[in-house]
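Worksheet: the structure to be examined is printed underneath.
2 protein chains.
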Amino acid sequence: MSDLIDTIRPLAKKTDSKILMVVLDGVGGLPLTPGGETELASARTPNLDALAAEAQLGLVELVGAGITPGSGPGHLSLFGYDPLKYVVGRGALSAVGIGVRLGAGDVAVRGNFATLGANRVIEDRRAGRPSNEKNAEVVSKLREAIPEIGGIRVEIYTESEHRFVVVFRSPGLDEAGQGLGANISDVDPQVTGVQPMLAVAQDTTSGLTAELVNTFVQRAEAALSDEPQVNGVLFRGYSDVPHFPSFANIYGLRAACIASYPMYRGLASLVGMDVVPVEGEEDALEGKVAALTENWAKYDFFYWHVKKTDSTGEDGDFAEKVHKIELFDELLPGLLALKPDVLCIVGDHSTPSKLKSHSWHPVPLLIRSDYGRKDLAARYTEEEAGRGSLGLRRGTDIMPLLMANALKLQKYGA
Amino acid sequence: MSDLIDTIRPLAKKTDSKILMVVLDGVGGLPLTPGGETELASARTPNLDALAAEAQLGLVELVGAGITPGSGPGHLSLFGYDPLKYVVGRGALSAVGIGVRLGAGDVAVRGNFATLGANRVIEDRRAGRPSNEKNAEVVSKLREAIPEIGGIRVEIYTESEHRFVVVFRSPGLDEAGQGLGANISDVDPQVTGVQPMLAVAQDTTSGLTAELVNTFVQRAEAALSDEPQVNGVLFRGYSDVPHFPSFANIYGLRAACIASYPMYRGLASLVGMDVVPVEGEEDALEGKVAALTENWAKYDFFYWHVKKTDSTGEDGDFAEKVHKIELFDELLPGLLALKPDVLCIVGDHSTPSKLKSHSWHPVPLLIRSDYGRKDLAARYTEEEAGRGSLGLRRGTDIMPLLMANALKLQKYGA
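Going down the list, the sequences are from chains A and B. Going by the UniProt record's numbering, 315 is the number at position 315 of the first sequence; the sequence numbering is gapless. Going by the UniProt record's numbering, 156 is the number at position 156 of the second sequence; the sequence numbering is gapless.
Below, the structure is given as structure tokens:
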């Protein structure tokens, strides 16, 4: 599959039309027993049903056949970035996931706490899976011990259990626009019974970063020497900030992200969307409707995210996932009242309660505009979407289809 | 999307079977009101319906999801050439569109007549949109003034209004097979209030072409100095002849083009089809049936083009587009009487009357051969094609499918 972005960019034109992309995270599901109904099919969704009757439906695979997308690749595909080409490194995704913004030249690193025995030999690569509280306590010790290394600011964040994130803040960019390099070898040997490895730079611009990492390891072990179990650190996955062409650059769109969880706000900011404030706790559905309404005049593309359809699937709670779908259905009239020229409802992957995890199953796609044909699909469900006129597609097809339906794409060739 | 041509070429074999590809230009449509019928669904087409009942149907996107194809890319895709890889430049397409044949080493240039004020400053980049008659009158003056430049033959053609085409005929190819280069900068600054720009060669083989263009601009302004409005020329879009592998080279087919409009005859000649004479005015449907019958024994592939399904859509005349579809339906028995081994009916893009322009919507594809499976699609309409057994595909899939159905493709691998 070629990169559509280079084809789309010169065709994009600015118009007054508005596109609303609703992402119901993990919305695709499975029946609990063969031949049964999925969460979407079980839900009572009169508003979605009415919308589906006049919209076009299809199914999308976000990354590829049989491939289960993580949240990063799933969203990048929705935003039109081929997730096999545009990769967010582990370090950057971890940072983004806990709400840490990365600047040009910064490097984010994924760390694990470990238990070291005599002679620094690794006994447990996860330090006995400490509690989040213990993690935070140790991170606090490290913050005090290592605020900076050689003038480079060091930030340390709790992720969960044995996982933490370190961000080395670049002192600035050199004349070639280069900050800290991220191409260095792992400290984590991925086995026990040996010592942590020395980080080695794999290119000329990453030498300083390798030194920072090795110094960090040394000073962390000193700071944690009185800890019986959480007394070592291992690093794996270093990333600088991914430089993706922005939504404004590709599509000419002023784009807003309306999401309440850090991961999704972070992903949207990576592609240059404005991340607008949302009031409320957790999924904050009403707050998101309010944020959408308040910002409606200011933007021409809106990414509007619902999280709980995924979390309930991850919990394996079929009934609760059905309930979250129904809650969204109740809000739908509020979105329709804004009269988007193009409305899209889709997920970033499936999360069947039966599997308690993300899955590879295609996700239903709905597009409503004034330029649709008659469509046989009567509901926003996996089964009905399978006979919709949009067919079975890659996720990266969605943005071109939305742009076309908004009459924002010029003809290709004469 | 990979280039299928390299896979197909070694598999192609010659047989006596005949393939007829009917291209109903812009045939795909939209309902005028949501939930209504498209032009195809509204038309009374008993012959097409009977054919569809025994054929296989599907939908094709010629360039990609959401992308509206121009006639060039749309046709190249139908002929099996990836339109993102095989690009016909603006100059060449304009020349082709008015029926001018280009030879190896020639360069075709798109020109606009402009109005220049004092000190050669551009006042109007379209010279007040002159009539076609005025255009022809000015072209005639230029032909007299600039028959050649430094021994290089110069041909000047009216396109329409302010548009004209210049062809510089290469004096021959050098030892490396290089003629005139086409890689030079635009004369048209695309704004008013400034002078036309000097053309500058962007590579070593285009130096002479840049000189030709600059000399042409100078001599044209001298020749038009007594014109009050049409007194300058601007150039933009230079192209040499695209070198595409031919139909004979890829498919081993002796291919004939049966079309009455210059653009389509030109596109077919670019891929090495024989362009056979057609008697009659405009779309000349009866003339095309006669040309097909006369040439039936001589070729094994026929590209048979109908134009008016597109022009009526461009006019926004829903009823007239329906009528043109019905006129084709009346002719269909004449085509079937020739008993093609493989019959394909398709469009090069959609042209919904509602949009009065080409559009991105997929086009119905019909393939009839002795080697089809049962198919749920009962009519040649967008909706029925959407449940056909051929699925939703790229246009470049069509030629391999036709070759296979004609039993002209060998097994791939042992």
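From the three backbone atoms N, C-alpha and C, an ideal C-beta is built for every residue, glycine too.
Please decide whether residue i counts as near chain A, where near means a Cβ-Cβ distance under 7 Å.
{"i": "B/V96", "result": "no"}
{"i": "B/T68", "result": "yes"}
{"i": "B/P73", "result": "yes"}
{"i": "B/A182", "result": "no"}
{"i": "B/L11", "result": "no"}
{"i": "B/E330", "result": "no"}
{"i": "B/E144", "result": "no"}
{"i": "B/E383", "result": "yes"}
{"i": "B/V63", "result": "yes"}
{"i": "B/L93", "result": "yes"}
Are the beta-carbon atoms of residue i and residue j separated by less than 7 Å?
{"i": "A/I122", "j": "A/T192", "result": "yes"}
{"i": "B/L292", "j": "B/L331", "result": "no"}
{"i": "A/G99", "j": "A/P352", "result": "no"}
{"i": "A/F235", "j": "A/H162", "result": "no"}
{"i": "B/G58", "j": "B/G388", "result": "yes"}
{"i": "B/K356", "j": "B/G395", "result": "no"}
{"i": "B/G237", "j": "B/G91", "result": "yes"}
{"i": "A/R143", "j": "A/R169", "result": "no"}
{"i": "B/I67", "j": "A/Y412", "result": "yes"}
{"i": "A/V217", "j": "A/V200", "result": "no"}
{"i": "B/K307", "j": "B/D283", "result": "yes"}
{"i": "A/Y86", "j": "A/L76", "result": "yes"}
{"i": "B/R254", "j": "B/D300", "result": "yes"}
{"i": "A/F164", "j": "A/G111", "result": "yes"}
{"i": "B/L338", "j": "B/W296", "result": "yes"}
{"i": "residue 416 of chain B", "j": "B/A256", "result": "As displayed, chain B neither begins before 1 nor continues past 414, which places residue 416 of chain B out of reach and without an answer."}
Am I right that residue i and residue j are in contact with their C-beta atoms under 8 Å? What's the rounded C-beta distance?
{"i": "B/G128", "j": "B/Q229", "result": "5 Å"}
{"i": "A/D397", "j": "A/P69", "result": "About 15 Å separates the two Cβ atoms, so there is no contact after all."}
{"i": "A/A414", "j": "B/G72", "result": "6 Å"}
{"i": "A/L51", "j": "A/G105", "result": "A/L51 to A/G105, Cβ: 45 Å. No contact."}
{"i": "B/L365", "j": "B/V60", "result": "5 Å"}
Between residue i and the ligand NAP, is the CB less than 6 Å from at least one heavy atom?
{"i": "A/R393", "result": "Ligands are entirely absent from the displayed structure, and the ligand NAP is therefore not among its contents."}
Give a yes or no on whether the minimum CB-CB distance between residue i and chain B is below 7 Å.
{"i": "A/E175", "result": "no"}
{"i": "A/E54", "result": "yes"}
{"i": "A/G386", "result": "no"}
{"i": "A/A404", "result": "yes"}
{"i": "A/S246", "result": "no"}
{"i": "A/A414", "result": "yes"}
{"i": "A/S160", "result": "no"}
{"i": "A/K408", "result": "no"}
{"i": "A/W389", "result": "Strictly speaking, residue 389 of chain A in this sequence is Ser, with Trp absent from that position. So yes, A/S389 belongs to the interface."}
{"i": "A/K85", "result": "no"}
{"i": "A/K288", "result": "no"}
{"i": "A/K411", "result": "yes"}
Please list the partners that residue i has in chain D, where partner means a Cβ-to-Cβ separation under 7 Å.
{"i": "B/R90", "result": "Absence of chain D from the displayed structure is noted, the protein chains being A and B."}
Say whether the segment 29–42 of chain A touches the segment 315–327 of chain A, bearing in mind that this needs 3 or more beta-carbon pairs closer than 8 Å, one atom from each stretch.
-> yes
Do the segment 375–385 of chain A and the segment 360–377 of chain B meet, that is, are 3 or more Cβ pairs less than 8 Å apart?
-> no
Got a sec: which bits of the segment 355–376 of chain A sit with their beta carbon under 9 Å from any beta carbon on chain B, in order along the chain?
-> D370, Y371, G372, R373, K374, D375, L376
Using a Cβ-Cβ cut-off of less than 7 Å, list which residues of the segment 391–402 of chain A approach chain B; keep chain order.
-> G391, R393, D397, P400, L401
Are the segment 265–283 of chain B and the segment 398–411 of chain A touching, with three or more C-beta to C-beta distances below 8 Å?
-> no
Anything in the segment 103–119 of chain A with a Cβ closer than 8 Å to a Cβ of chain B? List those residues in chain order, please.
-> none
Can you list, in chain order, the residues of the segment 29–60 of chain B whose Cβ is nearer than 9 Å to any Cβ on chain A?
-> G29, L30, P31, P34, G35, G36, E37, T38, A41, L59
Do the segment 12–24 of chain B and the segment 337–349 of chain B meet, that is, are 3 or more Cβ pairs less than 8 Å apart?
-> yes
Evaluate the contact criterion for the segment 216–223 of chain A versus the segment 239–258 of chain A: three or more CB pairs, one atom per stretch, below 8 Å.
-> no
Are three or more beta carbon pairs between the segment 154–168 of chain B and the segment 78–97 of chain B nearer than 8 Å?
-> yes
Give, in chain order, every residue of the segment 304–336 of chain B whose Cβ lies closer than 7 Å to some Cβ of chain A.
-> none
Determine contact between the segment 2–9 of chain A and the segment 79–87 of chain A, defined as no fewer than three beta-carbon pairs at a distance below 8 Å.
-> yes
If contact means a Cβ-Cβ distance below 7 Å, which residues of the segment 237–265 of chain B contact chain A?
-> none
Looking at chain B, which residues of the segment 197–212 of chain A have a Cβ within less than 9 Å of any of its Cβ atoms?
-> none
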